[in-house]
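In my numbering, the protein residues as written are 149 to 449. Backbone N, C-alpha and C define an ideal beta-carbon position, used for all residues, glycine too. First up is the structure itself, then whatever we jot down about it.
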């Protein structure tokens, strides 16, 4: 159990570096180029890992519709999510983008109710309202973005959270080998980002520091961290206790953005963070009455 907590804690620290690293990388190269290269790093790393552990052989059993489904999930959950999130980070301060990004657990609850038929309780509804109030606070607050781009950045981050929430629910609905599926997801993200960069951007020379940042994003944040998180959840006796550690990411991200990027920690950002994370924690609280109803629902009572 201690090892699981260690893996989860390391993952939280690694994920907290995402927004700050992306912000630094986007100072040198455009967003689609950055996403294409970092996604390629993640794909190559996972390809090598799947070849070593033999998981790559599972792909022989996949049918054309399986590949189509995995590609669609990769487009939605990694390409669209990352592209929108990168855009939001570029237009907003990294701390605000990271806070808004953590609407995705709320989106998972919403789509689970719609797609998987899970119960929408009063507590879950209150939690979603509480988290959405955080968006309003950030929208009305003063941020780090340029005039005229702030609303677009907020919309992009919220849309990114919607994409990832929907992706998570659809991915849960289908039984896939996550190590192989994640490899294909990142291949899809790399291919789509490369195509988008050719259409919308002019590629720039990548400096040594930018290469380091892209390698960090692709290998460490996108590949290693996701695998460590999956291992921690899979082996944990209580997955909820492990999962709750993820809510530390936006707090750590704010600290990193203040130290490295010299971004001011605004009162509106802190208040919005408390609302969003508070809403997430509210919906994760186990209440005996609700658990009894959910148990009866599963029995058909």
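Can you give me the Cβ contacts of residue i inside the same chain, cut-off strictly under 7 Å, excluding the 5 residues immediately before and after it?
i: residue 361; result: 169, 172 and 173
i: residue 426; result: 278
i: residue 329; result: 218
i: residue 368; result: 162
i: residue 184; result: 338, 341, 342 and 345
i: residue 358; result: 173, 176 and 177
i: residue 307; result: 232
i: residue 424; result: 247, 250, 251, 279 and 282
Measure from the alpha carbon of residue i to the alpha carbon of each residue in the options, then state which is nearest.
i: residue 395; options: 283, 233, 232 and 248; result: 248
i: residue 310; options: 321, 349, 260 and 267; result: 260
i: residue 224; options: 348, 376, 364 and 338; result: 338
i: residue 336; options: 220, 403 and 378; result: 220
i: residue 179; options: 348, 306 and 160; result: 348
i: residue 240; options: 402, 424, 423 and 422; result: 402
i: residue 320; options: 256, 352 and 355; result: 256
i: residue 215; options: 404, 312, 333 and 417; result: 333
i: residue 430; options: 421, 272, 200 and 351; result: 272
i: residue 156; options: 397, 380 and 312; result: 380
i: residue 312; options: 154, 226 and 352; result: 226
i: residue 318; options: 417, 222, 213 and 210; result: 222
i: residue 326; options: 194, 421, 275 and 299; result: 194
Identify, in the order they occur along the chain, each residue of the same chain with its Cβ nearer than 8 Å to the Cβ of residue i, setting aside the five sequence neighbours on each side.
i: residue 436; result: Reliability fails at residue 436, whose pLDDT of 46 lies under 50, so the model's placement of it is uncertain and the value that follows must be treated cautiously. So no residue of the chain qualifies.
With DSSP run on the structure shown, which of helix, strand or coil describes residue i?
i: residue 220; result: helix
i: residue 355; result: coil
i: residue 412; result: coil
i: residue 238; result: helix
i: residue 177; result: coil
i: residue 201; result: helix
i: residue 267; result: coil
i: residue 336; result: helix
i: residue 325; result: coil
i: residue 349; result: coil
i: residue 210; result: coil
i: residue 318; result: helix
i: residue 165; result: coil
i: residue 251; result: coil
i: residue 152; result: helix
i: residue 297; result: coil
i: residue 311; result: helix
I'd like the list of long-range same chain contacts for residue i, defined as Cβ closer than 6 Å, with 5 residues on each side in sequence excluded.
i: residue 165; result: none
i: residue 366; result: 186, 189 and 190
i: residue 304; result: 232, 235 and 236
i: residue 314; result: 259
i: residue 167; result: 237, 242, 245, 246 and 401
i: residue 159; result: 373, 376 and 377
i: residue 351; result: 181
i: residue 405; result: 168, 242, 243 and 411
i: residue 293; result: Caution is warranted here: a pLDDT of 49 is assigned to residue 293, below 50, making its placement in the model unreliable, and no coordinate value can be reported.
> Should the stretch 190-206 be regarded as contacting the stretch 257-275, the criterion being three or more beta carbon pairs within less than 8 Å?
Replying inline: Output reads no: the stretch 257-275 does not touch the stretch 190-206.
> Is the stretch 268-285 close to the stretch 228-240, with three or more CB pairs under 8 Å?
Replying inline: no
> Does the pairing of the stretch 408-423 with the stretch 370-380 give three or more beta-carbon distances under 8 Å?
Replying inline: no
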